[in-house]
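When we follow our numbering, the leftmost residue of the sequence shown carries the number 4, and every step to the right adds one.
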Amino acid sequence: MPRPLSPEEADHDARRSRQWLAGQARCVGVDRGDLLELGSAMAALTAAAAEREPVAVAPAPVGVDPGSPIAKPLRPELLRPLETNAEMHWEAMAGQGYVVPNDRFFVRNHSVTPRLDARAWRLRLFGTGLRDAPTRDAPVEFTLDDLRRLPAAERTALVECAGNGRYFFASQQGHPTPGVAWGLGGVGVARWRGVRLGTVLRLAGLTDDAVDVMPEGLDPDYVTGGVNLGRVRRPLPIAKALDDVLLAYEMNGESLPADHGFPVRVVVPGWIGISSIKWVGPVEVSATPLFSPWNTHFYRMFGPGHPGEGGTLGVQSVKSAFELAWDARLPAGAEVLLRGRSWSGAGPIERVEVDTGDGWRAAELVAADRGGAWQRWTATWRPPAPGRFTLRARATDVTGASQPDRAAPNDLGYLFDGVVHHPVTAA
Ligand SMILES: Nc1nc2c(c(=O)[nH]1)N[C@H]1C(S)=C(S)[C@@H](COP(=O)(O)O)O[C@H]1N2
Ligand SMILES: [Mo]
């Protein structure tokens, strides 16, 4: 299923940042002074290159290790804990199908996974972009059963954290940045089922004046650098909200797991992971532009070569991963079938090359995946002798975007796209 090649995210972001700087918009719950203060705190942390983020405290979810911010078991062969998050081990995808099974799908939590009661849960729409401008305290409500009664829509979509690959800025380029040190496992593809956000917006009384839609999570407030930034939230332009965005209640044929947003999450195909708000509750629909720290302060490109207020962070970059353990052991002298996957936010993957030590050559693409959210590929290799080797893979998408040897740095370590050096040992 080809995705539209649209610069919509970058456009929206650029327009909103101009309006934000011009003071033409509200940043609900946080004022600009707080964010500027947070800015200096963040700059200090960047210099230290080691961020320790205070975690908002929430009551321990029922039946879950109270010390764990994640509800599902973190089986060590599937997932690696990273602060309040967990990244997928790529070897856990070896021999798997197109989608990532729920037990190994990465988790990105700003605080902790909340345990919500589906019967008490409501989707609450409010704001000046709806008929009669319902307020936050008297919103238009939908129960989970209401949503399930609406026409269902299904979509296979990739969700990736904008910080995926951040670790390699430090390990390969000697330029550490604050933030979660993701390897390549902050990405996954799942089959999401739910109702189109557009269907619900129209039922709630969407008007022609609406410009932005901002879903808000029901997890605890995000507190960082001594500032409470409130609930995790990020605005979407109305055009995207009406296009292919889902309110998902199922993931790979199961009801949405707690860690992935039970009972309902937003899925925004093609956009960075933060747009896909989990545990969605309130949804503001506004006739004026909306802002949050997640589109003014975080998820922007800062540093040399970027504007002072931060450059636009558009679609995800091109990446490739081998379905192999880090430092995997392979049989010396025997032919092995290397497997991997490549993906890009700008469009489907067109070409993949691998280098096992003697130059770049074409990998074989899995035909069934052409045009999809990610592309599986294979390449054969006979490790010539016992010893250490470096495997590399690089992909090119339909727009011609490819993976450079070195990713362009930015202060918060987003959008790593460099070729990753994957070490293996032949024995
Ligand atoms: N409410 C809420 N939604 C959220 C987040 C969060 O912490 N709280 N994290 C976001 C980020 S940064 C990412 S990358 C994706 C990750 O989705 P996953 O945990 O299902 O893999 O969820 C997004 N939605
Ligand atoms: Mo993310």
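The beta carbon of each residue, even a glycine, is placed where N, CA and C say it ideally should be.
Where the beta strand (DSSP E) containing residue i begins and where it ends
{"i": "P285", "result": "V283 to S289"}
{"i": "K322", "result": "K322 to F325"}
{"i": "T381", "result": "Q378 to W384"}
{"i": "W195", "result": "V190 to R199"}
{"i": "P218", "result": "D215 to G220"}
{"i": "D400", "result": "G390 to D400"}
{"i": "R342", "result": "V339 to W346"}
{"i": "V270", "result": "R268 to V270"}
{"i": "A74", "result": "Premise fails: A74 is in no beta strand (DSSP E) and is neither H nor E."}
{"i": "A331", "result": "A331 to L333"}
Identity of the residue in the options nearest residue i by Cα
{"i": "V162", "options": "S405, W195 and T315", "result": "W195"}
{"i": "N413", "options": "I241, G375 and F301", "result": "F301"}
{"i": "L418", "options": "G168, R152, S20 and G100", "result": "G168"}
{"i": "A429", "options": "E367, P334 and F172", "result": "P334"}
{"i": "G376", "options": "A337, R107, P272 and T315", "result": "Position check: residue 376 holds Ala in this sequence, whereas Gly was assumed. The shortest C-alpha separation from A376 is found at P272."}
{"i": "G360", "options": "A404, H424, D246 and A410", "result": "H424"}
{"i": "P240", "options": "M91, E287 and P307", "result": "E287"}
{"i": "P238", "options": "D224, Y225, G208 and I280", "result": "I280"}
{"i": "A328", "options": "W93, P260 and T87", "result": "W93"}
{"i": "T399", "options": "V427, E356, P389 and R391", "result": "E356"}
{"i": "E326", "options": "G191, G317 and P310", "result": "G191"}
{"i": "A365", "options": "I352, A382, A349 and D408", "result": "A382"}
{"i": "R122", "options": "L209, R151 and V269", "result": "R151"}
{"i": "P79", "options": "R107, A261 and T159", "result": "R107"}
{"i": "L153", "options": "L293, L394, L250 and P260", "result": "L250"}
{"i": "G201", "options": "A74, D246 and W185", "result": "D246"}
{"i": "G374", "options": "T393, E353 and F392", "result": "E353"}
{"i": "T87", "options": "A184, M96 and R134", "result": "A184"}
{"i": "V115", "options": "V422, Y101, A97 and K75", "result": "K75"}
{"i": "A324", "options": "I73, S20, L77 and M91", "result": "M91"}
{"i": "G284", "options": "H178, G390 and L221", "result": "L221"}
{"i": "P1", "options": "L206, P260, I277 and A89", "result": "Since the first residue of the chain shown is 4 and the last is 430, residue 1 is not available in this structure."}
{"i": "P407", "options": "V401, G416, A396 and L415", "result": "A396"}
{"i": "R148", "options": "A165, P104, P266 and G208", "result": "The displayed chain sequence assigns Asp, not Arg, to residue 148. The shortest Cα separation from D148 among A165, P104, P266 and G208 belongs to P266."}
{"i": "R158", "options": "H178, G188, A193 and L187", "result": "A193"}
{"i": "R385", "options": "R332, G308, T291 and A410", "result": "R332"}
{"i": "P179", "options": "S295, H113, G416 and S289", "result": "G416"}
{"i": "N112", "options": "G421, A388, D224 and D14", "result": "D224"}
{"i": "A13", "options": "A404, M304, V198 and V216", "result": "M304"}
{"i": "E257", "options": "R199, P104, A388 and T210", "result": "P104"}
{"i": "Y101", "options": "P389, A160, G186 and G189", "result": "A160"}
{"i": "L133", "options": "G166, D211 and R234", "result": "D211"}
{"i": "R236", "options": "S295, A213, S289 and I73", "result": "S295"}
{"i": "G317", "options": "I275, R118, D358 and G350", "result": "I275"}
{"i": "V216", "options": "H263, V248 and A349", "result": "V248"}
{"i": "M254", "options": "A242, R268 and A244", "result": "R268"}
Residues that DSSP places opposite residue i in a beta bridge
{"i": "A365", "result": "E356"}
{"i": "E12", "result": "Answer by DSSP bridge pairing: none, since E12 is not bridged."}
{"i": "N88", "result": "L85"}
{"i": "M304", "result": "G314"}
{"i": "L160", "result": "The residue asked about is misnamed: residue 160 is Ala in this sequence, not Leu. Paired residue(s): A193."}
{"i": "L133", "result": "L209"}
{"i": "M254", "result": "W195 and E257"}
{"i": "R236", "result": "E219"}
{"i": "H425", "result": "L394"}
{"i": "E144", "result": "R127"}
{"i": "T227", "result": "V230"}
{"i": "V110", "result": "A89"}
{"i": "L249", "result": "R199 and V270"}
{"i": "S405", "result": "T399"}
Bounding residues of the alpha helix (DSSP H) (the contiguous stretch that carries residue i)
{"i": "L418", "result": "No alpha helix (DSSP H) contains L418, which DSSP labels as neither H nor E."}
{"i": "F171", "result": "Y170 to S174"}
{"i": "A242", "result": "I241 to D246"}
{"i": "W297", "result": "P296 to T299"}
{"i": "R118", "result": "That residue, R118, is in no alpha helix (DSSP H); it is neither H nor E in DSSP."}
{"i": "L150", "result": "L147 to R152"}
Any non-hydrogen atom of ligand 4 closer than 7 Å to residue i Cβ
{"i": "V269", "result": "This structure does not include ligand 4; its bound ligands are ligand 1 and ligand 2."}
Pair every Cβ in the region 340–349 with every Cβ in the region 296–312, then say whether three or more of these pairs are closer than 8 Å. no
Between the region 166–184 and the region 228–247, do at least 3 Cβ pairs fall closer than 8 Å? no
As a quick check of your reading: which residues have a C-beta less than 5 Å from at least one non-hydrogen atom of ligand 2, in chain order? R111, C164, G276 and I277
Do the region 378–385 and the region 134–144 make contact, defined as three or more Cβ pairs closer than 8 Å? no
I want to know whether the region 68–83 touches the region 123–131 - three or more CB-CB distances under 8 Å. no
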